[in-house]
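>
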Amino acid sequence: MKNNRLYTAAIAAAILSAVLTGCGGNAKADSPEKKTKTVDGKELITITALADLTPHSEILEYVEPKLNEKGYTIDIVSTASDATWNEKTQNGEVDFNFNQHEPYLKEWNEINNGTLVNIGGVHVEPIGAYSEKYSSADEVPDGATVVLPDDATNEYRALRILEQQGWIKLGNTENARASVADIEEYIKPIEITELDSYQINAHINEFDVYINNTNKVIEAGLDATKYLFREGEDSPYANIIVTTPDKADDPGLKALVEVLQSEDTAKFILDKYNGAVIPVTKVSE
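Sequential numbering from 1477 applies to the sequence shown in the working numbering.
#1: Which runs of the alpha helix (DSSP H) at least 4 residues long sit entirely within the segment 1567 to 1637? Give them in chain order.
#2: Could you tell me the alpha carbon to alpha carbon distance between residue 1762 and residue 1629, rounded to whole angstroms?
#3: Beta carbon of residue 1575, beta carbon of residue 1554: below 8 Å?
#4: Which residues in the same chain as residue 1500 place their Cβ atom closer than 6 Å to its Cβ, once the five residues preceding and following it in sequence are excluded?
#5: Report the rounded CA-to-CA distance for residue 1718 versus residue 1587, giving the unit in angstroms.
#6: So residue 1525 is in the beta strand (DSSP E); what residue range does that whole segment cover?
#7: DSSP on residue 1750, reduced to helix/strand/coil?
#8: Would you check if the distance between the CB atom of residue 1536 and the CB atom of residue 1570 is smaller than 8 Å?
#9: Measure the alpha-carbon distance for residue 1715 versus residue 1544 and round it to whole angstroms.
#10: Counting pairs of Cβ atoms below 8 Å between the segment 1631 to 1641 and the segment 1599 to 1608, do you hit three or more?
#11: So, are the CB atoms of residue 1578 and residue 1589 less than 8 Å apart?
#12: Taking the straight line between their C-alpha atoms, what separation do you get for residue 1757 and residue 1529?
#13: Among the residues of its own chain, which have a CB less than 7 Å from the CB of residue 1733, if the five just before and after it don't count?
#14: Tell me which same chain residues have a C-beta within less than 6 Å of the C-beta of residue 1519, skipping the five on either side of it?
#15: Taking residue 1672 as the reference, which of 1683, 1688, 1663, 1566 has the closest Cα?
#16: Would you mind sorting residue 1498 into buried or exposed? The rule is 16 or more other CB atoms within 10 Å of its CB.
#17: If you follow the beta strand (DSSP E) that residue 1549 is in, where does it begin and where does it stop?
#18: Straight-line CA distance for residue 1624 to residue 1656?
#19: Quick one, which of 1548, 1680, 1658 has its alpha-carbon nearest residue 1645's?
#20: Any heavy atom of the ligand MN closer than 7 Å to the beta-carbon of residue 1711?
#21: To the nearest angstrom, how far is the alpha carbon of residue 1741 from that of residue 1759?
#22: If you run the structure through DSSP and keep just helix, strand and coil, what is residue 1761?
#23: Apart from the five residues just before and just after residue 1690, which ones in its own chain have a Cβ nearer than 7 Å to its Cβ?
#24: Using only alpha-carbon positions, find the residue among 1622, 1613, 1697 that is nearest to residue 1641.
#25: List the residues that DSSP assigns as beta-bridge partners of residue 1706.
#26: Residue 1647: buried (16+ other C-beta within 10 angstroms of its C-beta) or exposed?
#27: Using the beta-carbon count (16 or more within 10 Å), is residue 1731 buried or exposed?
#28: Run through the DSSP bridge pairs and tell me what residue 1645 is partnered with.
Set out below in structure tokens:
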């Protein structure tokens, strides 16, 4: 009997220890210690990020020295964008991501029960219509072939600029979403093909006109300033810094947004991309 009591007590102690260890582990996971990095002899707090290569990572690299002055440094974990980035940000694998606009974020949150938040807009990448065959919209003939992105948000944007150009008329669209099926009238006879935005650049010579995001055009080595027509500077699709609600007031992220929205950074964006990318912050004359 005595041995049974000792055995039972030992098991109880082991269970209690496991529970306490588990609680301690969870507390640590909820409040991870910030990593630090030494730059020029100064210890800086590291902010981890997922950011598209162009122009996002290039903009982050530009503001890095100014962020260093504020005590922080950026570790860009990946520049190869994929559909898991919001999930990784939501799970706390990185501090923020920089590759999307507010309508896309809202849609992702709705579909995935996400809670990610926008803590600051940086720049607009206007969606535009381009051609390897024609230098102006007036040259594009009736019956022209047009390829555009097939995802809900960007297809809507593409169809909207076709409507603004006077080529089509859309029916009623809700929640800023539309597809070719929502075209009420073809004012200019054209043939539209829907294609994944990442594949469009490989097929531009097969169409008279192609419509795609500025960053995709730049990444393909094409001149994004030579568009037939595009969204205006008042586009609501500014690319934003995205994080979790608990990090929205993080001093490092607030410092990051501050330098990204500075007039100096705005000038860099205008000069670097020749107006193809438009900063949210206005530059004084």
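Glycine included, C-beta positions come from ideal geometry on N, C-alpha and C.
Taking the definition as stated:
#1: 1578 to 1588
#2: There is simply no residue 1762 to check, as the chain begins at 1477 and stops at 1761 in what is shown.
#3: no
#4: With a pLDDT of 34 at residue 1500, under the threshold of 50, the predicted position of this residue should be treated as unreliable, and no value is reported.
#5: Answer to the nearest angstrom: the Cα atoms are 17 Å apart.
#6: 1518 to 1527
#7: coil
#8: Cβ atoms of residue 1536 and residue 1570: not closer than 8 Å.
#9: Using only the alpha carbons, I get a separation of about 23 Å.
#10: Cβ pair count under 8 Å is three or more, so yes.
#11: no
#12: 21 Å
#13: 1595, 1596, 1717
#14: 1512
#15: The candidate whose alpha carbon is nearest that of residue 1672 is 1688.
#16: In this prediction, residue 1498 scores a pLDDT of 36, lower than 50, which makes its location untrustworthy; the coordinate-derived value is nonetheless stated afterwards. Classification of residue 1498: exposed, given that the 10 Å Cβ count is below 16.
#17: 1548 to 1554
#18: 10 Å
#19: 1658
#20: Questions concerning the ligand MN fall outside what the structure shown contains, since it holds no ligand whatsoever.
#21: Distance between the alpha carbons of residue 1741 and residue 1759: 10 Å.
#22: coil
#23: 1601, 1602, 1604, 1700, 1752, 1753
#24: Comparing Cα-Cα distances from residue 1641 to each of 1622, 1613, 1697, the minimum goes to 1613.
#25: DSSP, once it has assigned bridges, lists 1604 as partnering residue 1706.
#26: A residue is called buried once 16 or more other Cβ atoms fall within 10 Å of its Cβ, and residue 1647, having fewer, is exposed.
#27: Sixteen is the threshold: when 16 or more other Cβ atoms of the shown chains lie within 10 Å of the Cβ of residue 1731, as they do, the residue is buried.
#28: 1661
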